[in-house]
Amino acid sequence: MYNQTEIIKDTSELGAEGELVINMGPQHPATHGVLHLVVTLNGETIKKIEPHLGYIHRSIEKMCESLTYRQFIYVTSRMDYLSSHINNLGCALLVEKGMAIEVPDRAKYVRVILSELTRIASHELWLGAMAMDLGAFTPFFYAFREREMITDIMEDTCGARLTMNYIVPGGLMYDIHPDFQKKVKAFITQFKSKVNEYEDLVTNNVIFQSRTKGVGILSAEDAISYGCTGPVARASGVSCDIRKIYPYEVYDKVEFDEVLETAGDSFARYMVRVKEMNQSIRIIEQLIDNIPEGDFVGKTKNVLKLPKGEFYTRVETARGELGVFVVSEGGTTPHRIKFRSPGFSNLSVLNHIAAGSKIGDLMASMGTLDLVIPDIDR
Amino acid sequence: MTNEEIKEYISSIAPAATFDETGEWLNVLLEPAQLKPAMAALRTGMMQMNYLFCLTCIDFKTHLTMVYHLSATTHRQSIVIKSNLNREQAVIETVCDIWRTAEFLEREVFEMFGVDFTNHPDLRKLILEEDFKGYPLRKDFEDPINMIKL
Chain H
405 MYNQTEIIKD TSELGAEGEL VINMGPQHPA THGVLHLVVT LNGETIKKIE PHLGYIHRSI
465 EKMCESLTYR QFIYVTSRMD YLSSHINNLG CALLVEKGMA IEVPDRAKYV RVILSELTRI
525 ASHELWLGAM AMDLGAFTPF FYAFREREMI TDIMEDTCGA RLTMNYIVPG GLMYDIHPDF
585 QKKVKAFITQ FKSKVNEYED LVTNNVIFQS RTKGVGILSA EDAISYGCTG PVARASGVSC
645 DIRKIYPYEV YDKVEFDEVL ETAGDSFARY MVRVKEMNQS IRIIEQLIDN IPEGDFVGKT
705 KNVLKLPKGE FYTRVETARG ELGVFVVSEG GTTPHRIKFR SPGFSNLSVL NHIAAGSKIG
765 DLMASMGTLD LVIPDIDR
Chain D
75 MTNEEIKEYI SSIAPAATFD ETGEWLNVLL EPAQLKPAMA ALRTGMMQMN YLFCLTCIDF
135 KTHLTMVYHL SATTHRQSIV IKSNLNREQA VIETVCDIWR TAEFLEREVF EMFGVDFTNH
195 PDLRKLILEE DFKGYPLRKD FEDPINMIKL
């Protein structure tokens, strides 16, 4: 952290050229959370960006070491709170893999539908917030109009609008709401008739295009080297969709395309997310009428004990690859748990893509990385 | 590539490596001194492991274990590289010149476990405050204010 005297000292050492260190955050409206960036500027050009993390660090990995395999799932909803279902799913899959628990088909279908609804809700929020960062206020309301329908569906079925805890090892906590299918279909109809409005408002907007095209370019090699995943890497042409590479649940039974762009700039990252929403709708459409009847949770023991060993599962959240790594000593709690969070790796690329550009472009570069700070700090 | 071929290849770079195939992926245990050349060979040689998707450390009370999960975007085969470190003097060479993502991940391991990464360009605390004492993810860490008893 820099205090004022250090800033003055820094500038004096650099002579005539001059260098200005500014603190962006931790209370900055465009960082969408408590992210602190120390930006070194030369005039308006960014020389270096140093993220300072930890303002919302809750030490989730340490907490999980004292929680049982049923309890630790609830904490993970608070990591990437916009993908809470998918975080829960990653942990549930790990316990099911370790203990060889059979999951009923009904639960698998509902889990995938909820994952995709979560993905759409997350991208909707990102779309509104990202456009707002760049000065366009209106898209926020358009995006939230559709997102509201999803949060209503979540409220009915999962009992919460944001930090849902619905997926448990073995299946689901309870059965879906009787209106679930009807409401999801109503949402699909609404979304399809309104998605073109985003194109008119944002995609074809000349100001938006000139602010994002050619800004924050990330090459495919760098994306892999920095460990970027999700839409950030796919916009650079890296095929990294876990749903395609290592299919889990029923993703191998549904048809969808992995959205790839090659430009690697902020506009490409924007396009990937908008197209991904349409692919998610496609997945939901194939599943919503075919949810099998039967149990919603498989038979599990009351006390879950993972055998001694190491387990790793990965799922595709709205931000990229979430890896859950558990080292078990055979007891009821994990010996060590590590969450490979997509936001952490995506943040590490920020200095690389934004250094050399103007400070105004930092908003476009950072906005399209889609950072969720609790996911980075954990 | 089969596990046998990978084992043969790694043995040719690091003769002292030991293997464990009980888990999902092939686990390779290397001496800390051999880690860097072996990693460089895995990245550039036959395997082309260009994707380091997880880097972390485990405290086994008697020793620390560094764990590197490697994969490749071409053939998608994953292997796990491990290295045991002394708890009192945990020193290992950095891999962040091979995979850029390691820079932040190693900073996290540095502050949480107290592992010293030699030749790291910017080894400072990333998440914790600068004056934080102790290594919170070690098993013997005790915080008098926020107690977590294991």
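Residue numbers (the working numbering), protein chains in the order written: chain H, 405 to 782; chain D, 75 to 224. For every residue, glycine included, the Cβ atom is placed at its ideal position computed from N, Cα and C.
N- and C-terminal bounds of the alpha helix (DSSP H) containing residue i
i: residue 427 of chain H; result: That residue, residue 427 of chain H, is in no alpha helix (DSSP H); its beta strand (DSSP E) goes 424 to 428.
i: residue 642 of chain H; result: Here residue 642 of chain H belongs to no alpha helix (DSSP H), and DSSP marks it neither H nor E.
i: residue 600 of chain H; result: 584 to 602
i: residue 480 of chain H; result: 476 to 480
i: residue 673 of chain H; result: 670 to 692
i: residue 491 of chain H; result: 488 to 503
i: residue 634 of chain H; result: 634 to 638
i: residue 464 of chain H; result: 464 to 468
i: residue 116 of chain D; result: 106 to 118
Cutoff 8 Å: residue i Cβ touching any chain D Cβ
i: residue 761 of chain H; result: no
i: residue 642 of chain H; result: yes
i: residue 781 of chain H; result: yes
i: residue 440 of chain H; result: no
i: residue 638 of chain H; result: no
i: residue 731 of chain H; result: yes
i: residue 742 of chain H; result: yes
i: residue 649 of chain H; result: yes
i: residue 769 of chain H; result: no
i: residue 539 of chain H; result: no
i: residue 773 of chain H; result: no
i: residue 631 of chain H; result: yes
i: residue 727 of chain H; result: yes
Reference residue i, options the options, closest by Cα
i: residue 99 of chain D; options: D:121, D:116 and D:155; result: D:155
i: residue 781 of chain H; options: H:480, H:424 and H:425; result: H:480
i: residue 693 of chain H; options: H:588, H:462 and H:556; result: H:588
i: residue 676 of chain H; options: H:747, H:528, H:760 and H:559; result: H:528
i: residue 737 of chain H; options: H:472, H:624 and H:467; result: H:472
i: residue 201 of chain D; options: H:457, H:423 and H:600; result: H:457
i: residue 182 of chain D; options: H:555, H:461, H:501 and H:545; result: H:461
i: residue 544 of chain H; options: H:530, H:581 and H:523; result: H:530
i: residue 678 of chain H; options: H:464, H:526 and H:759; result: H:526
Closer than 8 Å to chain H by CB, residue i
i: residue 126 of chain D; result: yes
i: residue 174 of chain D; result: yes
i: residue 208 of chain D; result: no
i: residue 178 of chain D; result: yes
i: residue 98 of chain D; result: yes
i: residue 202 of chain D; result: yes
i: residue 211 of chain D; result: yes
i: residue 219 of chain D; result: no
i: residue 205 of chain D; result: no
i: residue 130 of chain D; result: yes
i: residue 118 of chain D; result: no
i: residue 225 of chain D; result: Chain D is shown only over 75 to 224; residue 225 of chain D falls outside these bounds and no answer can be derived.
i: residue 78 of chain D; result: no
Host beta strand (DSSP E) of residue i (start-end)
i: residue 716 of chain H; result: 713 to 720
i: residue 729 of chain H; result: 725 to 732
i: residue 93 of chain D; result: 92 to 94
i: residue 129 of chain D; result: 125 to 133
C-beta atoms of residue i and residue j nearer than 8 Å
i: residue 691 of chain H; j: residue 658 of chain H; result: yes
i: residue 616 of chain H; j: residue 684 of chain H; result: no
i: residue 170 of chain D; j: residue 164 of chain D; result: no
i: residue 503 of chain H; j: residue 708 of chain H; result: yes
i: residue 726 of chain H; j: residue 745 of chain H; result: yes
i: residue 505 of chain H; j: residue 702 of chain H; result: yes
i: residue 487 of chain H; j: residue 633 of chain H; result: no
i: residue 107 of chain D; j: residue 122 of chain D; result: no
i: residue 103 of chain D; j: residue 94 of chain D; result: yes
i: residue 450 of chain H; j: residue 763 of chain H; result: yes
Three-state class that DSSP yields for residue i in the structure shown
i: residue 664 of chain H; result: coil
i: residue 751 of chain H; result: helix
i: residue 455 of chain H; result: strand
i: residue 575 of chain H; result: strand
i: residue 777 of chain H; result: helix
i: residue 139 of chain D; result: strand
i: residue 157 of chain D; result: strand
i: residue 170 of chain D; result: coil
i: residue 742 of chain H; result: strand
i: residue 193 of chain D; result: coil
i: residue 449 of chain H; result: strand
i: residue 762 of chain H; result: strand
i: residue 814 of chain H; result: The structure shown does not extend to residue 814 of chain H, since chain H is modelled only from 405 through 782, so no value can be given for it.
i: residue 87 of chain D; result: helix
i: residue 569 of chain H; result: coil
i: residue 217 of chain D; result: coil
Any non-hydrogen atom of the ligand NAD closer than 7 Å to residue i Cβ
i: residue 542 of chain H; result: As far as ligands go, the structure on display features none, and thus does not contain the ligand NAD.
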